[in-house]
Amino acid sequence: MSQKVNAVIAGGKGAPVRIETIIVPDPGPGEAVVAVQACGVCHTDLHYREGGINDDFPFLLGHEAAGVVESVGEGVTEVAPGDFVILNWRAVCGRCRSCLRGRPWYCFNTHNATQKMTLDNGTELSPALGIGAFAEKTLVAAGQCTKVDPAASPAAAGLLGCGVMAGLGAAINTGGVSRGDSVAVIGCGGVGGAAIAGSRLAGAAKIIAVDVDDRKLEGARRLGATHTVDSRSIDAVAAIRDLTGGFGADVVIDAVGRPETYKQAFHARDLAGTVVLVGVPTPEMTLELPLLDVFGRGGALKSSWYGDCLPSRDFPTLIDLYLQGRLDLDAFVSETIGLEDVEEAFARMHRGEVLRSVVVFP
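Counting from 1, one number per residue, gives the positions in the sequence shown under UniProt numbering.
Here it is, written out as structure tokens:
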């Protein structure tokens with residue numbers, strides 16, 4: 001039987017979000033209903049509200065979430081009612097050419113729930129990243145649920161569903177950071193901060209944080225940066241080179257996603273080093289680099305999709321590290337809020353005052 005719950009809706013481009021009653025249907029084949037316990041406020045949700053993703057309004061916002069499976073549909077075997085899960089937005093298909101080649105983290109046919117959640121009047125909702133978790137309950141594909149240790153704090157665990165996993169994965173999975181490496185991270189918000197934490201976890205010897213905000217640089221140190229560079233007053237490329245014996249860093253991660261920061265990353269890496277783009281550019285941005293420099297410097301220029309993560313592999317491992325005290329996910333939770341506070345949380349995020357505000361459900 002379908003259920004009525006409260007949820008945060010973006011009704012039109014740039015309009016303030018509002019809380020409305022939505023209808024969550026019973027799960028169909030391959031689907032699950034999850035009682036959401038916590039959901040982070042991510043920049044992607046703000047992009048949806050501003051029409052920066054597409055114009056399929058109204059949107060059901062929220063996607064960095066953890067909760068408990070309430071019910072499952074026919075054929076679901078990977079999770080069961082009562083399981084504590086982190087939601088992800090890339091449920092792999094297991095059948096596409098990438099999955100069949102043993103690279104499911106690049107799955108080209110990820111999927112979401114087939115049924116639609118609706119407003120009370122029957123209007124279909126577009127759930128953010130196929131999740132829609134600023135809601136007391138949400139309907140997802142069962143493959144979007146990854147079972148983890150229930151001892152984890154939902155507020156911290158849910159952040160692995162998007163931004164924190166993107167940063168950790170950019171360092172560990174895409175960048176291949178390993179013991180003794182030098183790493184530079186340009187942009188130290190939630191994703192960049194997670195890339196710093198991931199580099200520390202991987203054993204990097206030198207981790208250089210670059211930003212224009214003193215608060216973010218201070219936070220970067222808490223997350224594991226060994227050096228900080230305020231690029232308002234210092235040339236970031238020169239500073240990174242000075243800190244790495246004149247050579248440049250082994251791995252440079254651009255967590256901003258602008259042409260100017262990408263060029264900094266390109267020129268701040270060592271010969272045969274790696275550049276990882278994890279910050280998301282906007283459609284109108286273009287990049288110009290001398291092709292001879294691309295050839296002559298060697299190495300790798302990579303883009304990181306969701307931290308190149310495989311949720312079924314990475315989420316349980318990272319939660320175990322969190323519970324062992326080796327990965328401080330709690331450090332990313334700046335504040336906990338209610339559903340009614342999401343609009344103000346967007347404003348605080350835009351002002352750079354928080355790493356993550358997290359909606360916590362009673």
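C-beta: ideal position from N, C-alpha, C; glycine also.
DSSP, reduced to helix, strand and coil, places VAL359 within a strand of the structure shown. Rounded to the nearest whole angstrom, the CA to CA distance from PHE332 to PRO127 is 24 Å.
With a cutoff of 8 Å on beta-carbon distance, GLY187 and ASP211 are scored as near each other. For secondary structure counted as the beta strand (DSSP E) over 3 or more consecutive residues, the stretch 219-301 holds these complete runs in sequence order: 227-230, 249-254, 269-277. Counting every other CB atom within 10 Å of its CB across the protein chains shown gives THR282 a total below 16, marking it as exposed.
C-alpha of ARG49 to C-alpha of GLU20: approximately 15 Å in a straight line. In this structure, DSSP gives ALA7 an extended state, which the three-state scheme calls strand. Taking the Cβ atoms as the reference, VAL276 lies roughly 5 Å from THR174, within the contact range of under 8 Å.
Taken through DSSP and simplified to helix, strand or coil, GLN144 comes out as helix. In the three-state scheme derived from DSSP, where H, G and I count as helix and E and B as strand, HIS63 is classed as coil. By DSSP's assignment, GLY40 forms a beta bridge with GLU64, VAL358. Taken atom to atom, the span from the alpha-carbon of VAL69 to that of GLY130 is near 17 Å.
C-alpha of LEU321 to C-alpha of LEU327: approximately 6 Å in a straight line.
Look at PHE84 here: in three-state DSSP terms it is strand. By the criterion of a C-beta distance shorter than 7 Å, ALA239 is surrounded in its chain by VAL229, once the five residues flanking it on both sides are discounted.
In this structure the stretch 164-181 touches the stretch 245-258; the number of beta carbon pairs closer than 8 Å is three or more. The Cβ-Cβ distance between ALA65 and CYS99 does not fall below 8 Å. Secondary structure of THR317 (DSSP, three-state): helix.
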